[in-house]
Amino acid sequence: MKYDLEKFEKDSLNAMDTYANLLYKNGNTAEAIEVEKKALKLSNKPGRHRRNTR
Numbered sequence: 169m170k171y172d173l174e175k176f177e178k179d180s181l182n183a184m185d186t187y188a189n190l191l192y193k194n195g196n197t198a199e200a201i202e203v204e205k206k207a208l209k210l211s212n213k214p215g216r217h218r219r220n221t222r
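For the sequence shown, the working numbering gives the first residue as 169, with consecutive numbering after it.
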């Protein structure tokens with residue numbers, strides 16, 4: 169299975185998380201971790217809204 173990186177929004181945290189999940193499920197753990205790290209960096213940028221998870 170190949171996920172089309174050109175078609176999802178580059179700044180979409182949900183898309184990045186889904187992509188990382190697919191990578192992990194297909195055995196690409198190291199690449200999945202890298203995608204999640206990018207998502208975390210993106211989520212910490214000023215102006216990004218965070219949900220309250222209490």
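Don't be surprised by glycine CBs; every beta carbon is placed ideally from N, CA and C.
Small disclaimer: the values here were computed from a predicted structure and weren't measured.
Residue state for Asn194 is assigned as coil, using DSSP reduced to three classes.
Secondary structure of Asn212 (DSSP, three-state): coil. Judged by beta-carbon spacing, Ala200 lies within the 8 Å limit of Leu191, meaning their Cβ atoms are closer than that value.
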